[in-house]
Amino acid sequence: MHRITFAPNFADWQPLAREALRSQLPPDAVVWEERDAPATDLPFESEPTPAPAPERPVARVPKQFLDLAKTVSLHRAGTRWSLLYRVLWRLTRGEPKLLEVVTDPDVARLHAMAKSIRRDIHKMRAFVRFREVTTPAGAWFVAWFEPEHRIVEANAPFFLDRFAAMRWSILTPEICAHWDLRALTFTPGMSKSDAPSEDATEDLWRTYYGSIFNPARLKPHAMRAEMPKKYWKNLPEAALIPTLLAEAPRRTESMIDASDLQSTPPPAHTLAMPPETDRLEVLAEAAAGCRACPLYAKATQTVFGQGARDAAIVFVGEQPGDQEDRQGEPFVGPAGKLFDRALAAAGIARETTYVTNTVKHFKWEPRGKRRLHQTPSARDVASCRPWLEAELRVLQPQLVVALGSTAAKALLGSQFRVTQQRGEIFQSEFSDRVLATVHPSSLLRLPAGVEAAAEFERFVADLRTARQQVNSG
Numbered sequence: 053m054h055r056i057t058f059a060p061n062f063a064d065w066q067p068l069a070r071e072a073l074r075s076q077l078p079p080d081a082v083v084w085e086e087r088d089a090p091a092t093d094l095p096f097e098s099e100p101t102p103a104p105a106p107e108r109p110v111a112r113v114p115k116q117f118l119d120l121a122k123t124v125s126l127h128r129a130g131t132r133w134s135l136l137y138r139v140l141w142r143l144t145r146g147e148p149k150l151l152e153v154v155t156d157p158d159v160a161r162l163h164a165m166a167k168s169i170r171r172d173i174h175k176m177r178a179f180v181r182f183r184e185v186t187t188p189a190g191a192w193f194v195a196w197f198e199p200e201h202r203i204v205e206a207n208a209p210f211f212l213d214r215f216a217a218m219r220w221s222i223l224t225p226e227i228c229a230h231w232d233l234r235a236l237t238f239t240p241g242m243s244k245s246d247a248p249s250e251d252a253t254e255d256l257w258r259t260y261y262g263s264i265f266n267p268a269r270l271k272p273h274a275m276r277a278e279m280p281k282k283y284w285k286n287l288p289e290a291a292l293i294p295t296l297l298a299e300a301p302r303r304t305e306s307m308i309d310a311s312d313l314q315s316t317p318p319p320a321h322t323l324a325m326p327p328e329t330d331r332l333e334v335l336a337e338a339a340a341g342c343r344a345c346p347l348y349a350k351a352t353q354t355v356f357g358q359g360a361r362d363a364a365i366v367f368v369g370e371q372p373g374d375q376e377d378r379q380g381e382p383f384v385g386p387a388g389k390l391f392d393r394a395l396a397a398a399g400i401a402r403e404t405t406y407v408t409n410t411v412k413h414f415k416w417e418p419r420g421k422r423r424l425h426q427t428p429s430a431r432d433v434a435s436c437r438p439w440l441e442a443e444l445r446v447l448q449p450q451l452v453v454a455l456g457s458t459a460a461k462a463l464l465g466s467q468f469r470v471t472q473q474r475g476e477i478f479q480s481e482f483s484d485r486v487l488a489t490v491h492p493s494s495l496l497r498l499p500a501g502v503e504a505a506a507e508f509e510r511f512v513a514d515l516r517t518a519r520q521q522v523n524s525g
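Here the sequence shown is numbered in our numbering, starting from 53 and rising by one per residue.
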């Protein structure tokens, strides 16, 4: 048994893993021991790693593995290094396409770890609250945070970009980050008692949070999912939550009274909202009765999303078309068939994905015996937004792909332009990673003179980018 001791970071681990590969050390013959980890009593042999064999160069490693490994290296689990080396060994020993097998236990575990890291990074960005302290150098802003994983150094550049004009420190139990307007530095961890407890901005946070709280749209389950209770003690506005929850029913009644709606039932099209659930079938059943906009009156039925509950990629289109409206399933018409062809060409199995639309009802106008598609309005998109939010909250995919302008603007803002920004990765409130491309229906109505085969290949290239993003964690 070979014990390899190293500092617990990717930069230290990578050359040692490369050397172990060159020395032909199988995964079960190597123990990866972090330098700051406590000593163990296991009977390891203390023999050094053999010298690398120059005549056996290491096979080329896919870039997506390197990207995935850098993310997973931030995980707290001590088993991450042996898992990474086992996958690396398999990639270079006859399984070069291993990362494409998302059902493989090792690959699935890597992606689960990467997802946990991304969520922790998001939580740190959302729940860090700076408090002002006075120092000889002037005002300094200090925050306390308790990350689940070793994300502080990787996440610090985000805060540097966001708060470059102020001096700040983020204190955590393991490592602290500091910006003094000249350099970003890191020091050993501190205790929460070293962080300031309150400052003048506390009242501003509480006033702001209280003013944006809408009791009529109270969703405690979703709120706790997005803002877990363990973060409440560090958030000044969290002190208001119990009171706001308790007063929500009374405040909602007051809002109704003030709107003179108590004696007049609200229109039917305002009554439906997604239920609090983590089951897609419950959401689909509820959506069938949605009357949040007038589109339901002319549509045959609500067309909800379909696909794998554990889908790594969620595709979001514009709205159901004529065939989708008749059959009650998304992407089954001519555009859906072209979409299936493109997925196959990109190496993506549709059954492993989830496909939905921004708007769940078919918007159309009569033209003789035909029903012609109409582009959804901003009101239509806004009315359906809670359902899309609910789907993505349940699915929590690694990547969301917006198909077409309507979906892209719904996910990335009204200023987004697919023609200029397709194929790039963006972050939105819906997902840490969003990629936009054209809607497959646009390939069915290309103007004369446009090379259809070339545009289809360009669409496939965007889908390949999506697959690579998922494979890279």
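C-beta atoms are modelled at their ideal positions from N, C-alpha and C, and glycine is treated no differently.
DSSP, reduced to helix, strand and coil, places Thr517 within a helical segment of the structure shown. Per the C-alpha coordinates, the member of Ile222, Leu162 and Leu444 positioned closest to Phe179 is Ile222. Just so you know, the alpha carbons of Ala518 and Ala189 end up roughly 47 Å apart.
Fully contained in the region 343-390 are the following alpha helix (DSSP H) runs of length 4 or more, in chain order: 374-379. With distances taken between CA atoms, Ala454 lies nearest to Thr471 out of Thr471, Leu136 and Leu118. Nearest neighbour of Val411 by Cα position, chosen from Gln473, Ala387, Pro346 and Arg393, turns out to be Pro346.
Residues Met165 of the same chain have their beta carbon placed closer than 8 Å to that of Ala129, with the five preceding and five following residues left out of the count.
In this structure Ile365 is in contact with Gln450, their Cβ atoms being roughly 7 Å apart against a cut-off of 8 Å.
With respect to the 8 Å criterion, Phe383 and Val368 are not classified as neighbours on the basis of their beta carbons. For Arg378, the closest of Lys350, Thr404 and Gln76 by C-alpha to C-alpha distance is Lys350. By a beta-carbon distance limit of 8 Å, Trp192 does not contact Arg234. Their separation comes to about 14 Å. Counting the other CB atoms within 10 Å of its CB gives Gln426 a total below 16, which places it among the exposed residues. Cβ-Cβ distances below 8 Å link Val113 to Leu140, Leu143 and Thr144 in the same chain, with the five nearest sequence neighbours on each side left out; the list follows chain order. Inter-segment contact for the region 484-492 and the region 505-521 is present: three or more beta-carbon pairs are separated by less than 8 Å.
The DSSP-derived three-state label of Asn409 is strand.
Pairing Gln116 with Gln520, the inter-Cα distance amounts to about 7 Å. Per the coordinates, the alpha-carbon of Arg161 lies some 19 Å from the alpha-carbon of Ile173. With a cutoff of 8 Å on beta-carbon distance, Thr239 and Glu198 are scored as not near each other.
Straight-line measurement puts the Cα of Pro209 at about 31 Å from the Cα of Glu152. Only buried fits Thr123, as 16 or more other CB atoms lie within 10 angstroms of its CB.
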